[in-house]
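*Asks:* Quick one: this structure, given as structure tokens, is what I'll be asking you about.
In the numbering used here, the protein residues as written are 8 to 622.
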């Protein structure tokens, strides 16, 4: 436990933010704490760097950064590394927002400048007034640390890695990160992300986008892993650092769950999303071989996304079962409707009240526009009036009560308030009238026709933030409409109807799956490449190998897979559901009869949910 405390500069009454790094600057085998002011001093002087003994808090050395240069009067960003391989770390500083892209390497004891350069726009640095982020590590395995630099803004972001042994480093290794359209900051850190002995680069996203991080190979720029640090509504930006930690339990694994919609079993399979190996299988109902619906989210509050299973039809009534997402252990069950009811149940999971524990949302297939929201963690103390045993939070009639058929729920935060909302789409036999309800107030906040208002084919639906604006978009596929997906704005309608009479504000529309495939697809969303924007997941509903594919939801370009969950010979169709703990990789995705995605390692917010409407 660290007992020492120290102040940066009490004599000047400095109360601004600090930048902190650690490194062994004196070669004694113990790291010191290096601190700089991250904001301006009251007297306008240049930034100061101080080095403290980590145990005693005693000042070891200090120096002024950018001495005599007004560029340093707003503070500096800070890193440390042994750039010359002599066993003693140097101090690396970069200028902050609104300043030149200047980087300097200092001897911490003499304050001498060992290297100085502009990391971006070298020939005209005044054109790049975004500042830089700095980190350091041995990316090439030569025993000397390189200087890693990320831009403070400007668009088309590139990481640059410099050999700082020379006074004016040049010819850096560089690679692009995130998307070319990102114009915000890219904080950087360094650690060995793939355990090959060489340092890799960890990057974050600054304010204005999702709290995403990625690790890139320090030599090739290839993505190693990525994730989110906070719930998707957080837009404040993240800083990144690195180190080694030991945990008393294994980190949750990125996975997806697949459930067979037909074919003789009702198995739910949890698959490692990186290796494609099955982690475990669940047979949710004994002596039942009908289709199943699945959703994924943290309904227990333990920080791990759980598997929620409901029957698609058959002899098990309205029994909803919940399994631990780590190993498939049965947790609990409840009847969502009359226990004797034989129809299927559409199911979704999401945190509609902002308490960090997901609720379970159900709709009775074939019985009209009736949605129920159940407590995810506990059942009712006594049965409800219709015999159901779930702890009912509220019930919602989403469309005209005279309508019959299936109405499929999806769950996502479409209005950006940090709480999930409920999206409902009609199945076969009803007009494609998609409606959105505030998950807390139950008030309708959006309505549109996803296809021709006269169509009664039905709609498959999912939802997620595909453009990174902090609000979920709505993804649809028409039942009987072939392998085509549409992405609509979650809150806005079009100024004029589309060519087919649809009224939603259409953002993107494209064909998915192979050119030879003409059947329908189940759709869902998940941020598979950790860029802070949801990607589109699809699975054919039958006739070909039941594989999972992922597409960039903005361009339609294939992002990942295909993965045949049950082998290429299984062709009778499946559906997906997913959730991510976001601890060490891409989202956990589950397949059954629904498609949903939980993105945050604490809240596990559900971003999408699809039921195939029994088709």
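We put the CB at the ideal spot given by N, CA and C, even for glycine.
1) By alpha-carbon positions, which one of 49, 80, 172, 43 ends up nearest to residue 653?
2) When you compare only the Cα positions, how much space is there between residue 371 and residue 353?
3) Rounded to whole angstroms, what's the CA-CA distance from residue 655 to residue 562? Just pull it up for me.
4) Who are the near neighbours of residue 132 in its chain, counting only those whose CB is closer than 8 Å to its CB and skipping five residues on each side?
5) Using CA coordinates, which residue listed in 402, 80, 480 is at the minimum distance from residue 448?
6) Here's a check: name, in chain order, each residue in its chain whose Cβ is nearer than 6 Å to the Cβ of residue 92, leaving out the five neighbours to either side.
7) Which whole-angstrom value describes the C-beta separation of residue 357 and residue 368, a residue pair presumed to lie in contact below a C-beta threshold of 8 Å?
8) Can you tell me which of 310, 378, 287, 350 puts its alpha carbon nearest to the alpha carbon of residue 335?
9) Report the residue ranges of all beta strand (DSSP E) runs contained in full by the region 196-228; include only those spanning at least 3 residues, in chain order.
10) Between residue 189 and residue 164, is the Cβ-Cβ spacing less than 7 Å?
11) Relative to the C-alpha of residue 306, which residue among 299, 296, 328 is closest?
12) Hey, residue 526 and residue 547 are a contact pair by Cβ (cut 8 Å); roughly how many whole angstroms apart?
13) Can you check the region 480-523 for any beta strand (DSSP E) of at least 3 residues that lies completely inside it and give the ranges in chain order?
14) Which residue marks the beginning of the beta strand (DSSP E) containing residue 179, and which one marks its end?
15) Of the choices 219, 433, 75, whose alpha-carbon is the least far from that of residue 373?
16) Going along the chain, which residues of its own chain have a beta-carbon closer than 8 Å to the beta-carbon of residue 75, five neighbours each way excluded?
17) Leaving out five residues on either side along the sequence, give the residues of the same chain with a beta carbon under 7 Å from the beta carbon of residue 206.
18) Can you give me the start and stop residues for the beta strand (DSSP E) that residue 371 sits inside?
19) I'd like to know whether the C-beta of residue 445 is nearer than 7 Å to at least one C-beta of chain C.
20) Does the Cβ of residue 129 have 16 or more other Cβ atoms within 10 Å, making it buried, or fewer, making it exposed?
21) Decide if residue 483 is buried, meaning its Cβ has at least 16 other Cβ atoms within 10 Å, or exposed.
22) What does the Cβ neighbour count give for residue 437, buried or exposed, with the cut at 16 atoms within 10 Å?
23) Would you list the one or two residues that DSSP bridges to residue 412?
24) Out of curiosity, what's the CA-to-CA distance linking residue 136 and residue 114?
25) Express the C-alpha separation of residue 452 and residue 103 in angstroms, rounding to a whole number.
26) Do the region 470-479 and the region 502-510 make contact, defined as three or more Cβ pairs closer than 8 Å?
*Replies:* With the structure as the only source:
1) Lying before the first or after the last residue shown, residue 653 is absent from the chain, which here runs from 8 to 622.
2) 6 Å
3) Residue 655 falls outside the range modelled here, since the chain spans only 8 to 622, and no answer is possible.
4) Once the five neighbours on either side are set aside, the close Cβ partners of residue 132 are 107, 108, 109, 125.
5) 402
6) 150, 151
7) 7 Å
8) Looking only at 310, 378, 287, 350, the smallest Cα-Cα distance to residue 335 is reached by 287.
9) 207-211, 219-223
10) yes
11) 328
12) About 6 Å separates the beta carbon of residue 526 from that of residue 547, a gap short enough to meet the 8 Å contact definition.
13) 480-485, 491-500, 511-518
14) Counting along the chain, residue 179 falls outside any beta strand (DSSP E), and DSSP gives it neither H nor E.
15) Nearest of 219, 433, 75 to residue 373, Cα basis: 433.
16) 53
17) If you ignore the 5 residues before and after residue 206, its C-beta comes within less than 7 Å of the C-beta of 144, 145, 146, 197, 198, 199, 225, all in its own chain and listed in chain order.
18) Counting along the chain, the beta strand (DSSP E) containing residue 371 begins and ends at 366-371.
19) In the displayed structure, chain C is absent; only one protein chain is listed.
20) exposed
21) That one is buried.
22) Residue 437 should be labelled buried.
23) 374
24) 26 Å
25) 41 Å
26) no
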